[in-house]
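**Student:**
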Amino acid sequence: ETGVTQTPRHLVMGMTNKKSLKCEQHLGHNAMYWYKQSAKKPLELMFVYSLEERVENNSVPSRFSPECPNSSHLFLHLHTLQPEDSALYLCASSWDPSYEQYFGPGTRLTVT
Amino acid sequence: RKEVEQDPGPFNVPEGATVAFNCTYSNSASQSFFWYRQDCRKEPKLLMSVYSSGNEDGRFTAQLNRASQYISLLIRDSKLSDSATYLCVVKHLMNRDDKIIFGKGTRLHILP
Numbered sequence: 017e018t019g020v021t022q023t024p025r026h027l028v029m030g031m032t033n034k035k036s037l038k039c040e041q042h043l044g045h046n047a048m049y050w051y052k053q054s055a056k057k058p059l060e061l062m063f064v065y066s067l068e069e070r071v072e073n074n075s076v077p078s079r080f081s082p083e084c085p086n087s088s089h090l091f092l093h094l095h096t097l098q099p100e101d102s103a104l105y106l107c108a109s110s111w112d113p114s115y116e117q118y119f120g121p122g123t124r125l126t127v128t
Numbered sequence: 003r004k005e006v007e008q009d010p011g012p013f014n015v016p017e018g019a020t021v022a023f024n025c026t027y028s029n030s031a032s033q034s035f036f037w038y039r040q041d042c043r044k045e046p047k048l049l050m051s052v053y054s055s056g057n058e059d060g061r062f063t064a065q066l067n068r069a070s071q072y073i074s075l076l077i078r079d080s081k082l083s084d085s086a087t088y089l090c091v092v093k094h095l096m097n098r099d100d101k102i103i104f105g106k107g108t109r110l111h112i113l114p
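Order-wise, the sequence lines are chains Z and Y. Here the numbering used here is used: position 63 in the first sequence is 79, and no number is missing along the way. Here the numbering used here is used: position 29 in the second sequence is 31, and no number is missing along the way.
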């Protein structure tokens, strides 16, 4: 299934590094999302973009910076992360925020 | 009361049996409901939407009880491949934005 793709699939970075996660959807959807999934915790919604406009930002630290250049692409720029930021970062898309979402395979991030 | 609650399980069920689990939600204004399944170290995948009139797809039946504020998922004739974590998702409008809440999931193990 290639509806929503994410790169890289795995990332190890130091606390002083800057990296970016990329998400691309091929479903013609208008809304895209970033989620964080840590062990033993529910999925945490980080950001929502609808028609390239950010509509939700759930008190995410500024070391995470999203970018949505168009309705098919979503980035998550990372800088000066902490070890507790290690998690699975999932991207999703939907027709609009009230519709069901389709997830990408995720990027497993380890911060050392 | 948590916004979305699920029994974490695990539910250990013999193959061929019927299993059901619920998800309760606290906000009576919630409007959209979904069940996702998530396999170990994989992304969540949409199982089914939950409509007011209920929804059936093969061996799976989802129901919504607005009065008691819960949704349910029933799996008949369970298969080994049904082993997964089942996530409940509830959406409601908060101000002008959709609020999307995932439950922590219920783990299901189908035993041969």
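Even glycine gets a Cβ: it sits at the ideal position worked out from N, Cα and C.
Using a C-beta to C-beta distance shorter than 7 angstroms, which residues of chain Y count as neighbours of S87(Z)?
**Tutor:** In the first sequence, counting from the first residue as 1, residue 87(Z) sits at position 71. Per Cβ cutoff of 7 angstroms: no residues; S87(Z) is ~17 angstroms from chain Y at best.
**Student:** On a Cα-Cα basis, can you pick out the residue from Q117(Z), L94(Z), G120(Z) and W111(Z) that is closest to G166(Z)?
**Tutor:** In the structure as shown, chain Z begins at 17 and stops at 128. Residue 166(Z) is therefore absent and cannot be evaluated.
**Student:** Determine the chain Y residues that contact F138(Z) at a beta-carbon separation under 9 angstroms, and present them in chain order.
**Tutor:** Only positions 17 to 128 of chain Z appear in the structure, and residue 138(Z) is not among them; the question remains open.
**Student:** Out of D84(Y), N29(Y) and Y72(Y), which has the shortest C-alpha to C-alpha gap to P114(Y)?
**Tutor:** Locating residue 114(Y) in the second sequence gives position 112, counting from the first residue. Among D84(Y), N29(Y) and Y72(Y), the Cα nearest to that of P114(Y) belongs to D84(Y).
**Student:** For Q41(Z), I'd like the list of residues in its chain whose CB is within less than 7 angstroms of its CB, leaving aside the five on either flank, ordered along the chain.
**Tutor:** Within the first sequence, residue 41(Z) is the residue found at index 25, counting from 1. Result list for Q41(Z): G19, V20, M48, S88 and S109, in chain order.
**Student:** Can you confirm whether G122(Z), when its beta carbon is compared against all beta carbons of chain Y, has any partner nearer than 8 angstroms?
**Tutor:** Sequence index remark: in the first sequence, residue 122(Z) carries index 106 (1-based). It does; some Cβ of chain Y falls within 8 angstroms.
**Student:** Taking the straight line between their C-alpha atoms, what separation do you get for G75(Y) and N33(Z)?
**Tutor:** For the purposes of this step, residue 75(Y) is identified with residue 73 of the second sequence, where counting begins at 1. For the purposes of this step, residue 33(Z) is identified with residue 17 of the first sequence, where counting begins at 1. Note on residue identity: the sequence assigns Leu, not Gly, to residue 75(Y). Using only the alpha carbons, I get a separation of about 44 angstroms.
**Student:** Compute the Euclidean distance between the alpha carbons of T63(Y) and C39(Z), then round it to the nearest angstrom.
**Tutor:** As a working mapping, residue 63(Y) is identified with position 61 in the second sequence. As a working mapping, residue 39(Z) is identified with position 23 in the first sequence. Straight-line Cα distance between these residues: approximately 32 angstroms.
**Student:** Consult DSSP for S83(Y) and reduce its assignment to one of helix, strand or coil.
**Tutor:** The sequence position of residue 83(Y) within the second sequence is 81, counting from 1. The answer is helix: DSSP assigns S83(Y) an H, G or I state.
**Student:** Less than 8 angstroms between CB atoms is the rule here; does E116(Z) satisfy it with respect to chain Y?
**Tutor:** On the first sequence, position 100 is the one that residue 116(Z) refers to. Chain Y, which has a Cβ nearer than 8 angstroms to the Cβ of E116(Z), makes this yes.
**Student:** T108(Y) to N14(Y), Cα distance in whole Å?
**Tutor:** On the second sequence, position 106 is the one that residue 108(Y) refers to. On the second sequence, position 12 is the one that residue 14(Y) refers to. Their Cα atoms are separated by approximately 11 angstroms.
**Student:** Give me the Cβ distance between Y51(Z) and L106(Z), rounded to the nearest whole Å; I'm assuming they're in contact under 8 angstroms.
**Tutor:** Position 35 of the first sequence, counting from 1, holds the residue named residue 51(Z). Position 90 of the first sequence, counting from 1, holds the residue named residue 106(Z). Contact holds; Cβ gap of about 4 angstroms.
**Student:** So with Cβ pairs under 8 angstroms, would you call P82(Z) a contact of chain Y?
**Tutor:** Within the first sequence, the letter at position 66 stands for residue 82(Z). Answer no: the Cβ-Cβ gap between P82(Z) and chain Y never drops below 8 angstroms.
**Student:** Would you kindly report the start and end of the unbroken beta strand (DSSP E) that includes L49(Y)?
**Tutor:** Numbered from 1 along the second sequence, position 47 holds the residue referred to as residue 49(Y). Looking at the DSSP string, the run of the beta strand (DSSP E) that includes L49(Y) is P46 to V52.
**Student:** Do A19(Y) and S80(Y) count as a contact pair if the criterion is CB distance below 8 angstroms?
**Tutor:** By 1-based counting over the second sequence, the position of residue 80(Y) is 78. By 1-based counting over the second sequence, the position of residue 19(Y) is 17. Going by C-beta atoms, S80(Y) is nearer than 8 angstroms to A19(Y).
**Student:** Taking Cβ positions, are P46(Y) and Y38(Y) nearer each other than 8 angstroms?
**Tutor:** The count along the second sequence starts at 1 and reaches residue 46(Y) at position 44. The count along the second sequence starts at 1 and reaches residue 38(Y) at position 36. Yes. Within cutoff.
**Student:** Shorter than 8 angstroms from the beta carbon of F91(Z) to some beta carbon of chain Y?
**Tutor:** Residue 91(Z) sits at position 75 when you count from the first residue of the first sequence. No, F91(Z) does not count as interfacial toward chain Y.
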